Amino acid sequence: MQPETNEPAAAEPASEEIIAPLPRITLQAFCETPAVAATMQTAVADRRMDKAHARVQMGGPAAAVEAFRSAPTPNIIVLETVSDPATLISHLEALSESCDAGTKVVVIGHVNDVQLYRDLIRRGVSEYLIAPLETLDVLRTLSELYVAPEARNLGRVIAVMGAKGGVGASTIAHNISWAIARNLDASTVIVDLDIAYGTAGLNFNQDPPQGIAEAVFAPERLDSALLDRLLSRCSDNLALLAAPAVLDRTIDIEEDALEQLLELLRASVPCIVLDVPHQWSHWVKRTLLGSDEILIVAEPELASLRNAKNLVDLSRSSRPNDSVARLVLNKVGMPKRPEINANEFAKALGVEVLCSVPFDAQLFGTAANNGQMIAEVQASGKAAEAFTQIASTLTGRGEAKRSRRSLLEPIVAKLKRRKAS
Ligand SMILES: Nc1ncnc2c1ncn2[C@@H]1O[C@H](COP(=O)(O)OP(=O)(O)OP(=O)(O)O)[C@@H](O)[C@H]1O
Ligand SMILES: [Mg+2]
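What follows is the structure, encoded as structure tokens:
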């Protein structure tokens, strides 16, 4: 949970771990202690369980046996037990008589007993967890029941949205994607969700015949082969799902279609950057809050401050198990404009400003007109550095410095390992 005070929370780098959202499953948990019940409650309220139907109740394995004597079993049953192994096993045996074939059982116990663990796995229990538990431990375990081991290296979804229209959100989304692909060496896909007006194609000097529209308006055709054809390559490591930017239809995206697209992308690329338009419809809200990282772009002025505060507060209250939305100030230092400074933003929002990107009409205008990224126009300026720094915080990755790696590095690493053992 975030502190109540308005002391800005420092911008921690993103964690390396990504937990995939669960599919549309049903789950019932039968707990025996208030602590585990509380953890289960926070787990089922998490964004990654949005599609699941879950119920948490007390009574432990005995209550589960009773409940499913005549009722069908859900996809997952979670049982907390405080009793001895023999009692647990007898409850599991009773339960197995009424369990449907596809039901998975997860047991939460209070003893670290390898023999019991092996016994439970042999009897078909999917996982044995030991209390006390963190919410993320529960989510990870449940999520892994539905993600094939080979697909566990999941892509991170980063949503970038402006606190106001025209603040430079798309420019920042494209430039940080470029920095992630180029400087941090992670394959990245940009998804331009501004279907009617998106600028990713222009900014990368690409005019592909197909892109995001084919993916979200005909979801029944979407598979990895089609997705591959819809992506336009910007560089070795960077691809784009471009917006058609035509007005031949109005845009109402089906949430399920978008989710299917993101699921496919998550399974095949390490990093997915969403250029989210400055709108507030159901799909925008759901996509923003369902992402692994949220980046809000604001200008240093009042309307941006108010809207950014609302977005940060919403992210904080609705995503208690995630890092809070991050904030970038853009177009800082515009001549003659009175500005609200980064400290005041931080104080009002309760989060540190991750980065301030300077206003530079010449540089940004040249890049936009040429269809180039900022670092391609000016490799070692403040703006290019800012984009690498933002990229690194959002991905939890350091800059890939292979070319500048010291010759001594492997030897130093070996010495460190030796010292540690
Ligand atoms: N730091 C900056 N200095 C000067 N110009 C900038 C800067 N950042 C962005 N711009 C310019 O501001 C304009 C708007 O940028 P962009 O389209 O990225 O904003 P947006 O927030 O995505 O807008 P929209 O709400 O239309 O999606 C562009 O012309 C871009 O080149
Ligand atoms: Mg935009």
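Going by this note's numbering, the sequence shown opens with residue 5, and the numbers climb by one from there.
Backbone N, C-alpha and C define an ideal beta-carbon position, used for all residues, glycine too.
Note that the structure is predicted; figures quoted are calculated from it, not measured.
task = Determine the DSSP secondary structure at Thr139, reduced to helix, strand or coil.
result = Of the three classes helix, strand and coil, the one that applies to Thr139 here is helix, per DSSP.
Does the Cβ of Glu11 have 16 or more other Cβ atoms within 10 Å, making it buried, or fewer, making it exposed?
By the neighbour-count rule (16 or more Cβ atoms within 10 Å), Glu11 is not buried but exposed.
Practice item. Take Val69 and list the residues in its own chain whose beta-carbon comes closer than 7 Å to its own, dropping the five residues that flank it on each side. Key: Excluding residues within five positions, the ones whose Cβ falls inside 7 Å are His95, Ala98, Leu99.
Original post:
Does the pairing of the stretch 287-305 with the stretch 331-340 give three or more beta-carbon distances under 8 Å?
Top reply: Here the stretch 287-305 makes contact with the stretch 331-340; the two share three or more CB pairs at distances below 8 Å.
Whole angstroms are fine: how far does the CA of Ser322 sit from the CA of Glu36? Note on geometry: alpha-carbon atoms of Glu36 and Ser322 lie some 27 Å from one another.
Check: Mind checking Trp182: buried by the 16 CB within 10 Å criterion, or exposed?
Finding: By the neighbour-count criterion, in which a residue is buried when 16 or more other Cβ atoms sit within 10 angstroms of its Cβ, Trp182 is buried.
Rounded to whole angstroms, what is the Cα-Cα separation between Ile81 and Ala66? When the Cα atoms are used, Ile81 and Ala66 turn out to be separated by approximately 13 Å.
Check whether the Cβ of Thr203 lies closer than 7 Å to any heavy atom of ligand 2, and answer yes or no.
Here the distance from the Cβ of Thr203 to the nearest heavy atom of ligand 2 is below 7 Å.
Does ligand 2 have a heavy atom nearer than 7 Å to the CB of Ala371? In this structure, ligand 2 has no non-hydrogen atom nearer than 7 Å to the beta-carbon of Ala371.
Exercise. Taking the C-alpha atoms as reference points, what is the distance between Ala13 and Asp326?
Worked result: For Ala13 and Asp326, the distance between alpha carbons rounds to 13 Å.
Need the endpoints of the beta strand (DSSP E) that Thr85 sits in, please. DSSP places Thr85 in no beta strand (DSSP E); its state is neither H nor E.
What do you reckon, are the CB atoms on Ala177 and Ser308 nearer than 8 Å?
No, the pair does not count as a contact, with Cβ atoms beyond the cut-off.
### Task
For Ser147, count neighbouring Cβ atoms within 10 angstroms of its own Cβ and tell me buried if that reaches 16, exposed if not.
Taking all protein chains shown into account, Ser147 has 16 or more neighbouring C-beta atoms within 10 Å of its C-beta and is therefore buried.
How would you label Gln283, buried or exposed, when you count the other beta carbons within 10 angstroms and need 16 or more for buried? Classification for Gln283: exposed.
Q.
Does the contact criterion of 3 or more C-beta pairs under 8 Å hold for the stretch 200-209 versus the stretch 240-253?
A. Result yes; three or more Cβ-Cβ pairs closer than 8 Å.
Could you name the residues of the same chain whose beta carbon sits closer than 7 Å to that of Ala243, not counting the 5 residues immediately before and after it, in chain order? Only Val193, Leu235, Ser236, Arg237 meet the Cβ criterion.
Leaving out the 5 sequence neighbours to the left and right, which residues in its chain are closer than 6 Å to Met338 when beta-carbon positions are compared?
So the list reads Phe363, once near-sequence residues are dropped.
Is it the case that the CB of Pro12 approaches a heavy atom of ligand 2 more closely than 7 Å? Pro12: no, Cβ never under 7 Å from ligand 2.
| task | Take the Cβ of Ala366 as the centre, count every other Cβ of all protein chains shown within 10 Å, and call the residue buried at 16 or more, exposed below. | result | The question names Ala, but residue 366 in the sequence shown is Gln. Exposed.
Q) So what does DSSP say about His95, is it helix, strand or coil? A) Helix.
For Pro76 and Asp198, I'd like the C-alpha separation in whole angstroms. Rounded to whole angstroms, Pro76 to Asp198 spans 44 Å at the Cα level.
With 16 other CB atoms within 10 Å as the buried threshold, where does Pro342 fall? With fewer than 16 neighbouring CB atoms inside 10 Å of its own CB, Pro342 falls in the exposed class.
_Do Ile93 and Val277 count as a contact pair if the criterion is CB distance below 8 Å?_
In this structure, Ile93 does not lie closer than 8 Å to Val277 by Cβ.
*In whole angstroms, what is the alpha-carbon distance linking Ala312 and Tyr121?*
The straight-line gap from Cα to Cα measures roughly 48 Å.
Considering only the beta carbon of each residue, do Arg160 and Ile23 sit closer than 8 Å?
The answer is no: Cβ separation not under 8 Å.
- Message: I need the straight-line Cα distance from Ala15 to Arg225, nearest angstrom please.
- Response: In a straight line, the C-alpha of Ala15 is about 40 Å away from that of Arg225.
- Identify, in the order they occur along the chain, each residue of the same chain with its Cβ nearer than 6 Å to the Cβ of Gly369, setting aside the five sequence neighbours on each side. Same-chain partners within the cutoff: there are none.
(Q) In whole angstroms, give me the CA-to-CA distance for Pro223 and Leu230. (A) Pairing Pro223 with Leu230, the inter-Cα distance amounts to about 10 Å.
Out of Cys359, Pro78, Met62, point me to the one whose CA is closest to Glu84's CA. When only C-alpha atoms are compared, the closest one is Met62.
Contained alpha helix (DSSP H) runs [length at least 4] in the stretch 218-297, N- to C-terminal order: Counting only runs of 4 or more, we get 228-234, 259-272, 286-293.
Output yes or no for whether 8 Å exceeds the beta carbon distance between Leu124 and Val115.
-> Their beta carbons are not under 8 Å apart, which means Leu124 does not touch Val115 by this criterion.
* Pick out the complete beta strand (DSSP E) segments inside the stretch 296-374, 3 residues or longer, and give them in chain order. => Qualifying beta strand (DSSP E) stretches, in chain order: 297-302, 330-336, 357-362.
Practice prompt. Spatial neighbours of Asn179 within its chain, please: CB distance less than 7 Å, with the 5 preceding and 5 following residues excluded, ordered by chain position.
Written response: These residues qualify, in order along the chain: Met377, Ile378, Phe391.
- Task: Measure the C-alpha to C-alpha separation of Asn373 and Pro212 and round it to an integer number of angstroms.
- Result: In this structure, the alpha-carbon of Asn373 lies about 18 Å from that of Pro212.
Worksheet item: Quick one: what's Gln61 bridged to in DSSP?
Response: Looking at the DSSP output, Gln61 shares a beta bridge with Phe34.
Notebook entry, point to check: From this set, Lys289, Phe221, Leu269, which residue's C-alpha is nearest Asn314's C-alpha?
Noted result: For Asn314, the closest C-alpha among the options Lys289, Phe221, Leu269 is that of Lys289.
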